[in-house]
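The letter at position 38 of the sequence shown is residue 66 when you use this note's numbering, and the numbering goes up by one with no holes.
Here is the structure we will look at.
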Amino acid sequence: MAAGFVALMLLTWAAPAHAHQPVPLNASDSTPARGPLLVDGTVSFAVYATVRKGTMRGFRFGLKAADQLALQLLIPDSSPVNHLSVAELPIVTVIDPTGKSTTMPITERTPFFEPYSGTSYLYLSRLTERARAGTYQVTVTGNSSMKVPVVVAVGYREVRGTVLN
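In structure tokens form, the structure reads like this:
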């Protein structure tokens with residue numbers, strides 16, 4: 029039974045590869061320095077993590093001065109996750125190359141149907157701005173006693189990208 033669930037989750041989470049290149053985070057990716065580096069942050073990546081209170085996941089991505097920073101925070105639109113209060117949702121923090129820290133504010137719950145996997149999501153936050161040249165760091169911190177699956181969408185160009193571990 030457990031093996032079937034794991035296989036189903038892998039298929040579900042891998043399916044968006046047609047639109048965003050999937051990048052799963054696990055327990056060893058506990059900080060941005062320990063997590064993967066998305067070499068070009070303009071490439072569309074879907075970074076998947078599951079967190080609960082007391083856990084953190086991290087990754088990094090690179091941008092050039094002329095690039096656009098584009099991040100979106102999503103959760104599955106399924107119970108019980110879609111009923112969590114703002115205080116129970118994960119906190120996503122972005123640190124730019126100068127050290128400036130920005131927490132992605134939870135400002136929406138806009139439905140989004142992802143056709144490749146057949147999964148319904150809710151957009152919680154979007155961040156778009158002119159990039160600073162260098163490496164950005166992202167942390168996803170759990171805020172709920174339950175495990176909460178999260179997707180951080182990075183970039184906007186639908187091409188294959190490089191991920192360094």
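Heads up, the beta-carbon is just placed ideally off N, CA and C, and yes, glycines get one too.
Computed from a prediction, not measured in an experiment: that's the story for all the values here.
For Glu142, the three-state secondary structure derived from DSSP is strand.
About 6 Å separates the Cβ atoms of Pro118 and Asn171, confirming a contact at the 8 Å cut-off. Look at Val67 here: in three-state DSSP terms it is coil, with no helix or strand label.
If you look at Glu157, you'll find it in the beta strand (DSSP E) that goes Thr147 to Arg158. By the criterion of a C-beta distance shorter than 7 Å, Val180 is surrounded in its chain by Val75, Leu99, Leu101, Val120, Val166 and Val168, once the five residues flanking it on both sides are discounted. Assigned with DSSP and collapsed to three states, Ala55 falls in coil, not helix or strand. Rounded to whole angstroms, the separation of the alpha carbons of Tyr149 and Thr135 is 15 Å. Nearest to Pro104 by alpha-carbon distance, out of Met84, Asp95 and Glu142, is Glu142.
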